[in-house]
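*Asks:* Below is a structure I'd like to ask you about.
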Amino acid sequence: MRLPAARIFLTLALCLLPLAAEAVTAYPFGSLPSGAADADMTSAYNLWKTRRYVSASCGYRVDNGGGGTYSEGMGYGMLMAAYLGPNDTMLANLYQFYSANFDGNGLMNWSVGSGSCSNNSANAATDGDLDAALALVRPAKRWPASGNNWGAKAN
């Protein structure tokens, strides 16, 4: 599945922005985009949440715009929640849906319907699962006192 470049850029830009609680003094692995204000990214993130973050019977999911959910969208959503959320509630809600749609190998089915909360044998998509795995590493450091035990989930 091919994703629009703007969506990929927005996801990466959101993840690179300094967090409110953490000052970034230097970025040794390249450069941060100039001319992009935190307020612009926050506005785009809030618009995304309004349009794509929707309730399901087994948590919250990222709607693909057609009523279903792709594992890639779940991975992007989990990354944004891990880096931009004020707490880990949104990430926990997304992870609940993500894990309810595992296949036999513990990976999310790449495509699920809006009401799906079980293995539909649709196979997995590596990019979605890698994004989701990365999203589980960050909260272990960001919210170490969380009862969600993100470090164990990341392993």
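Quick note: the sequence shown uses my numbering, first residue 1013, plus one each step.
Positions of the beta carbon are idealized from the N, C-alpha and C atoms, including for glycine.
If Tyr1148 sits next to Ala1166, beta carbons under 8 Å apart, how far is it from one beta carbon to the other, in whole angstroms?
*Replies:* The displayed chain sequence assigns Leu, not Tyr, to residue 1148. At roughly 4 Å, the Cβ-Cβ gap stays under 8 Å, so Leu1148 and Ala1166 are in contact.
*Asks:* Just reading off the beta strand (DSSP E) that Leu1068 is part of, what are its end residues?
*Replies:* For the sequence presented, residue 1068 should be read as Ala rather than Leu. Element bounds for Ala1068: Tyr1065 to Ala1068.
*Asks:* To which residues of the same chain is Ala1152 closer than 7 Å at the C-beta, ignoring the five residues directly before and after it?
*Replies:* Hits under 7 Å: Trp1162, Gly1163 and Ala1166.
*Asks:* Compare the Cα-Cα distances from Arg1063 to each of Asp1052, Gly1078 and Cys1070 and report the closest residue.
*Replies:* When only C-alpha atoms are compared, the closest one is Gly1078.
*Asks:* Answer yes if the segment 1121–1128 comes into contact with the segment 1091–1098, meaning at least three C-beta pairs across the two stretches below 8 Å, and no otherwise.
*Replies:* Result no; under three Cβ-Cβ pairs closer than 8 Å.
*Asks:* Using three-state DSSP, classify Ala1136 as helix, strand or coil.
*Replies:* Residue state, collapsed to three classes: strand.
*Asks:* Could you name the residues of the same chain whose beta carbon sits closer than 7 Å to that of Pro1160, not counting the 5 residues immediately before and after it, in chain order?
*Replies:* Note that residue 1160 is Asn in the sequence shown, not Pro. Asp1100 and Ala1104.
*Asks:* Just tell me which of Ala1144, Ser1133 and Asn1132 has its CA closest to the CA of Leu1106.
*Replies:* With distances taken between Cα atoms, Leu1106 lies closest to Ala1144.
*Asks:* To the nearest angstrom, report how far apart Tyr1082 and Ser1133 are at their CA atoms.
*Replies:* In a straight line, the C-alpha of Tyr1082 is about 14 Å away from that of Ser1133.
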